[in-house]
Amino acid sequence: MDIIQVENVSKSYLRKDQREGTLGGLKDLFKPVWVQKDAVKNINFSIKLGDSVGYIGSNGSGKSTTIKMLTGILTPTEGRVLVNGLEPYKDRMKNAKNIGVVFGQRTQLWWDLAIRESFELFKHIYRVPDNVFKLNKEKMIELLRLDEFYSTPVRQLSLGQRMRAEVAAAFLHSPSIVFLDEPTIGLDVVAKEQIRKFLREINKEHKTTIILTTHDMDDIEQVCERLLLINSGELIYDGFVRGFMDDFGNERVITVHFEEPIQNIYTPFGTVHSQAGNIVKIIFEKSAVSAPKILQDLSARYPVIDFQLEEPKIEHLVRQVYEIRS
Amino acid sequence: MREISKSVKSNLIIARQTFLNSMVFRTNYIIDIVVDLIFVLLSIMLWTTIFKDNPSQNITSLATLITYVGLTKIVAQIDMKFVWDIQSRILSGEIAIELVRPIKLRTYLFAQELGRYFNNLLIKTIPLYVLIYFLFGIDLPKSFSAVLLFILSIFLSYILLFNLNYITALAAFWITKLFSLSVFKDQTIRLLSGAIVPLWFFPDWLFSITKYLPFAGIVFLPLNIYLGKVSTTETIEAFMLQIIWILITTFIGSMMWKKIVSNLAINGG
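Line by line, the protein sequences give chains A and B.
So for the first sequence, our numbering puts the first residue at 185; every next one is plus one.
So for the second sequence, our numbering puts the first residue at 448; every next one is plus one.
In structure tokens, the structure reads:
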């Protein structure tokens, strides 16, 4: 069953453009220049109940716009969105009851109140029956380990603790779909891991559909099965995460720091991308060789001080998709 | 019916949350109550002096005047706290999140302010009132029915005041900097509602106009009902005025909100 359908959806805004200089500013006042910006261009996809979908794209690619159309905040300029059989922007309240939303940068909890109180409020706003609420609440507390700070005011929590509580709040009313817009932004590895594990479990056990936007490819690899990649408003990839990573996400970059500049540096496991003094960037295939092996080989021959492993950047993946396809 | 009782319940919970919330900062509370006390004491001293210098004033008695000043604090806060919150959320675009909640913004804010009001009433207004009662003496209501009518009138005053604040907050969508408008709103209400000077002291021509403006329904009309200074017909007229202005301001507020929502939905959040 398709729980989300996006059919030929486009969204464009009219934005005022500023002219240059004082005279330009005066002209703007009387006759503004309107520029049309196409944020999303004719995209199509559907999502089944229980899917876990990663929705990625670089900044300004249109992913937030899409999420806003799916949650009912924005109305598409063309096309149609169906969520649970409703058009979200027409049936906002009804749609809101069936979905959960986490915006990584914004809080929905009450700043001065303990999490306990905020949850109590959600229970009433979403009209969650007592027994369901109790069950869900206990599960969240256990899975996300909220018990350590369950009665602490939100303003005293660390970012990681707060995000765990935010994520829990979005699932309290057993929604069929949960949208998470960058839920792991700014978190340390441990907190990220806790949230990923939670999302995986709840997706498996409760068949809750998860739609996740992020800049961290690890989030996608560990939580999602399916991937949608959007660039300049166009959907350029729709398929399995595993297949995508095999095809496009195989390249890794390791930066190695040596004690002194080295002439004609060579490694059998990858290619030297660039060199600046004693710092060298090496590109390698993740499926063919592991980073420790490269380091082992290098430090056997050269004096290595430090190294850094880079995660594949989304911009890089986008470029790869274009390069390999053309 | 069940739907309604559920919705009332969720609003009560919201009100309770803000109620608790308002008690978090103890120092704030102590400062606030001292400020209120100073303000009321100053007003009473001022009126006493004016009264002694002009014994010919036969509009009202000093005791009534002191009661009036003491009671003005029972009316809700004229500059409601949510205005600034909403303005910053409109400016940052965060207001869009309200569209993904299954509760209306207006209902939510109303319940929130109500919680704040009861908190104020319980921990500030009533202690203050009792204190003034023992220091200066306050006229108690003449009858039980006067108390009931007063409570009803205060409730209507609350809705009216909330609506005016709500309209001001939403205006942030068109006027980027709300500060001037908000100060204008506060001072207009303070002056024309009778919060600073009872409307009895206004010149006749001004009084006959202000009586029909929405502001009189906020302070002056309810307090007159408490003081028993109005006849039955005048009481009914006062209620009618309050209700008419509530309807008008509710309509304006909901039109503004509709406009904001459609603008957000079309032009981006």
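Even glycine gets a Cβ: it sits at the ideal position worked out from N, Cα and C.
{"Check": "Starting from the Cα of Val-437/A, find the closest Cα among Val-224/A, Glu-350/A, Ser-230/A and Glu-469/A and give me that residue.", "Outcome": "Glu-469/A"}
{"Check": "Which residues of the stretch 425 to 457 of chain A have a Cβ closer than 9 Å to any Cβ of chain B? Give them in chain order.", "Outcome": "none"}
{"Check": "Determine, using beta carbons only, whether Phe-680/B and Asn-610/B come nearer to each other than 7 Å.", "Outcome": "The amino acid at residue 680/B is misidentified as Phe; the sequence shows Thr. Against a cut-off of 7 Å, the Cβ pair of Asn-610/B and Thr-680/B comes out as no contact."}
{"Check": "I'd like to confirm the pairing. Which residues does DSSP put opposite Phe-468/A in its beta bridges?", "Outcome": "Arg-436/A"}
{"Check": "Is Gly-256/A close to chain B, meaning its C-beta is less than 7 Å from at least one C-beta of that chain?", "Outcome": "yes"}
{"Check": "Assign Leu-198/A to buried or exposed, taking buried as 16 or more other Cβ atoms, counted over all protein chains shown, within 10 Å of its Cβ.", "Outcome": "exposed"}
{"Check": "Which parts of the stretch 526 to 610 of chain B are runs of the alpha helix (DSSP H), unbroken and 4 residues or longer, counting only runs that do not cross its ends?", "Outcome": "529 to 539, 552 to 567 and 573 to 583"}
{"Check": "For Gln-492/A, which residues of its own chain have a beta-carbon under 6 Å away from its beta-carbon, when the five flanking residues on both sides are left out?", "Outcome": "Thr-439"}
{"Check": "Please report how far the alpha carbon of Gln-220/A lies from the alpha carbon of Arg-311/A, in whole angstroms.", "Outcome": "41 Å"}
{"Check": "Give the DSSP-derived three-state secondary structure of Asn-671/B in the structure shown.", "Outcome": "helix"}
{"Check": "Among residues of its own chain, excluding the 5 on either side of Ile-513/B, which ones have a beta-carbon nearer than 6 Å to its beta-carbon?", "Outcome": "Ile-491 and Phe-583"}
{"Check": "CB Ala-616/B to CB Asn-458/B, shorter than 7 Å?", "Outcome": "no"}
{"Check": "By the three-class DSSP mapping on this structure, what secondary structure does Gly-423/A have?", "Outcome": "strand"}
{"Check": "Chain B beta carbons: is any one of them nearer than 7 Å to that of Ile-309/A?", "Outcome": "yes"}
{"Check": "Tell me whether Pro-496/A sits in a helix, a strand or coil according to DSSP, three-state version.", "Outcome": "coil"}
{"Check": "Listing by chain order, which chain A residues have their CB less than 7 Å from the CB of Lys-589/B?", "Outcome": "Going along chain A, no residue has its Cβ under 7 Å from Lys-589/B, so there is no contact; the nearest lies around 41 Å."}
{"Check": "Consider the Cβ of Leu-561/B: report whether some Cβ of chain A lies at a distance smaller than 7 Å.", "Outcome": "no"}
{"Check": "Could you name the residues of chain A that Lys-456/B contacts, counting a contact when the two beta carbons are closer than 7 Å?", "Outcome": "His-308"}
{"Check": "If you draw a straight line from the alpha carbon of Ser-474/A to that of Asn-228/A, how long is it in whole angstroms?", "Outcome": "38 Å"}
{"Check": "Hey, does Gln-464/B have any beta-carbon neighbour from chain A nearer than 7 Å?", "Outcome": "yes"}
{"Check": "Could you list which residues in chain A have their beta carbon closer than 7 Å to that of Leu-538/B, in chain order?", "Outcome": "Correct list: empty, because the minimum Cβ distance to chain A is about 14 Å."}
{"Check": "Under 7 Å Cβ-Cβ, which residues of chain B neighbour Arg-166/A?", "Outcome": "Nothing can be reported for residue 166/A: it is not among the residues displayed for chain A, which extend from 185 to 510."}
{"Check": "Could you give the DSSP three-state label for Val-286/A: helix, strand or coil?", "Outcome": "strand"}
{"Check": "Quick check: the Cα distance between Leu-488/B and Val-516/B, rounded to an integer number of angstroms?", "Outcome": "9 Å"}
{"Check": "Please tell me whether Thr-572/B and Lys-520/B are closer than 7 Å, where the distance is taken between their beta carbons.", "Outcome": "yes"}
{"Check": "I'd like to confirm the pairing. Which residues does DSSP put opposite Gln-378/A in its beta bridges?", "Outcome": "DSSP lists no partner for Gln-378/A."}
{"Check": "In the DSSP assignment, find the unbroken beta strand (DSSP E) run with Asp-365/A in it and report its ends.", "Outcome": "361 to 365"}
{"Check": "Could you check where the beta strand (DSSP E) with His-457/A kicks off and where it finishes?", "Outcome": "455 to 460"}
{"Check": "Leu-191/A lies in the beta strand (DSSP E); which residues open and close that run?", "Outcome": "Looking at the sequence itself, residue 191/A is Glu, so the reference to Leu does not match. Counting along the chain, the beta strand (DSSP E) containing Glu-191/A begins and ends at 186 to 201."}
{"Check": "Say whether the stretch 357 to 369 of chain A touches the stretch 263 to 282 of chain A, bearing in mind that this needs 3 or more beta-carbon pairs closer than 8 Å, one atom from each stretch.", "Outcome": "yes"}
{"Check": "For Gln-220/A, which three-state DSSP category applies?", "Outcome": "strand"}
{"Check": "How many angstroms separate the CA atom of Lys-551/B from the CA atom of Glu-545/B?", "Outcome": "8 Å"}
{"Check": "Name the chain B residues that come within less than 7 Å of Thr-259/A, Cβ to Cβ?", "Outcome": "Ala-712 and Ile-713"}
{"Check": "Closer than 8 Å by C-beta to Glu-494/A: which residues in its own chain qualify, once you throw out the five before and the five after it? Chain order, please.", "Outcome": "Arg-436, Val-437, Ile-438 and Thr-439"}
{"Check": "If you measure beta-carbon to beta-carbon, which residues of the stretch 345 to 358 of chain A are closer than 8 Å to chain B?", "Outcome": "none"}
{"Check": "Rounded to whole angstroms, what is the Cα-Cα separation between Pro-367/A and Ala-280/A?", "Outcome": "19 Å"}
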